[in-house]
Amino acid sequence: MTSPHSTAPRWITADDISAAVSVQRARQLLEQALLSGFQPATDPARINIPVGDTGHVLLMPSVLSDWTGTKIATVAPDNPSKGAPRIQAIYLLMDADTLTPQALMEGNALTTLRTPAVSAVAVDYLARREPVERMVLFGTGPQALSHISAMAEVREIRELVVCGRDDAKIAATVEAGLAAGIPIARAGGADDVSQADLIVCCTSAATPLFDGSLVPDHAVVVAMGSHEPEARELDSALLSRAQVFVEDHATAMREAGDVIQPINEGVLAEDSLIDLVDLVHGVAEVDPIRPRVFKCVGMSWEDLAVAVGVIN
Numbered sequence: 002m003t004s005p006h007s008t009a010p011r012w013i014t015a016d017d018i019s020a021a022v023s024v025q026r027a028r029q030l031l032e033q034a035l036l037s038g039f040q041p042a043t044d045p046a047r048i049n050i051p052v053g054d055t056g057h058v059l060l061m062p063s064v065l066s067d068w069t070g071t072k073i074a075t076v077a078p079d080n081p082s083k084g085a086p087r088i089q090a091i092y093l094l095m096d097a098d099t100l101t102p103q104a105l106m107e108g109n110a111l112t113t114l115r116t117p118a119v120s121a122v123a124v125d126y127l128a129r130r131e132p133v134e135r136m137v138l139f140g141t142g143p144q145a146l147s148h149i150s151a152m153a154e155v156r157e158i159r160e161l162v163v164c165g166r167d168d169a170k171i172a173a174t175v176e177a178g179l180a181a182g183i184p185i186a187r188a189g190g191a192d193d194v195s196q197a198d199l200i201v202c203c204t205s206a207a208t209p210l211f212d213g214s215l216v217p218d219h220a221v222v223v224a225m226g227s228h229e230p231e232a233r234e235l236d237s238a239l240l241s242r243a244q245v246f247v248e249d250h251a252t253a254m255r256e257a258g259d260v261i262q263p264i265n266e267g268v269l270a271e272d273s274l275i276d277l278v279d280l281v282h283g284v285a286e287v288d289p290i291r292p293r294v295f296k297c298v299g300m301s302w303e304d305l306a307v308a309v310g311v312i313n
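The numbers in our numbering rise by one with no breaks, and the one at position 236 of the sequence shown is 237.
Right, dumping it as structure tokens:
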């Protein structure tokens, strides 16, 4: 580790992050943070700064035990047409004792790692212990690919069904599933959720991806693609009958359209939302006879917990 009083923070690349922390290790780091007594409700709210017509800058600070850090992310929707990524990020890690910068990290790799890790924490507590006969995955981007590995770490998956819009990306995602050791992987459609044990949504969709009334009562659903009140991947037909878990109640009520919209429609009670920390500590009982939904938007403490794992 860098000297606590160093003034020259170490630069950590995306490859460095991937080499230092596996998806399984990232899941363990997040679970350990929750079990240590950390309360996600104390995490500062994400700061959203509009930048004209270009997009916006997100500031995500956090303090966790002996460490503090901030992710600075930019979202510029028109960037792909300009040959640049839509989302870019950098992470600054400091020790909490002197607030000395210890490391600068490539932020996208950190996001790609910690998001499926928090999904895996939830799924490990929510899903039945037996193998997942069918996992339906919506999305073919980096988060979809990383969620395949994360889900395969916590449950045996016997079939992966990939739903997307680009045939080439669907094929690549199917190949990723086979490479992760899933025996059967194929392209599919929204109706495949009717026979799913696990449904994972990793898209930028603003409207529901499938008919929630088709989801079996025993299924677990993860939705991580949207983090704006106006956007949702899940419909009210599902949320109205599901047991709903979130990273943090206040954060979900600010950012998670998947829960905000059905609450506003009167089909989901706000006080029924269950925080992930209560699930991990066994305070909340899992209801096995109705769908369990985990809605995450990404919180600052998750980046920090994994960033610390990268240098330790």
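Just so it is clear, CB atoms sit at the ideal spot from N, CA and C, and this is done for glycine as well.
K72 is classed as buried because its beta carbon has at least 16 other beta carbons within 10 Å across all chains shown. Between A74 and V58, the C-beta gap is smaller than 9 Å, which places the two residues in contact.
Cβ atoms of A191 and A42 stay farther apart than 8 Å, at about 35 Å. Cβ contact annotation for V163 (same chain, cutoff 6 Å, sequence separation greater than five): L138, I171, T174, V175, A188, in chain order. Sequence-distant partners of R115 (beyond 5 residues in either direction) whose C-beta falls short of 8 Å from its own C-beta, in its chain, are A27, L31, G299, E303, D304, A306, V307.
Taking all protein chains shown into account, R166 has fewer than 16 neighbouring C-beta atoms within 10 Å of its C-beta and is therefore exposed.
Annotation for G56: T75, V76, A77, P78 place their beta carbon closer than 7 Å to its own, counting only its chain and skipping 5 residues before and after.
Of the residues S273, R130, A110, the one whose Cα lies closest to the Cα of D198 is R130.
Around the beta-carbon of K83, fewer than 16 other beta-carbon atoms lie within 10 Å, marking it exposed.
An exposed status is given to I50, since fewer than 16 other beta-carbon atoms sit within 10 Å of its beta-carbon.
According to DSSP, residue pairing for L60 in a beta bridge involves I48, I73. In the DSSP secondary-structure assignment, A186 is bridged to L161.
When DSSP states are grouped into helix, strand and coil, R115 belongs to the helix group. Using a Cβ distance threshold of 9 Å, V294 and F246 count as a contacting pair. Per DSSP, reduced to three states, the secondary structure at V133 is strand. The Cβ atoms of A21 and G310 sit closer than 9 Å to each other. Per DSSP, the continuous alpha helix (DSSP H) segment holding L30 begins and ends at 24-36. Leaving aside the five residues that flank L179 on each side, the residues in its chain whose CB is nearer than 7 Å to its CB run, in chain order, A186.
In this structure, the beta-carbon distance from P184 to L239 does not fall below 9 Å. Taking G258 as reference, the option from L105, A243, S237, D276 with the minimal CA-CA separation is S237. Beta-bridge annotation (DSSP): Y92 is paired with K72, M106. The secondary-structure analysis by DSSP pairs I275 across a beta bridge with F246.
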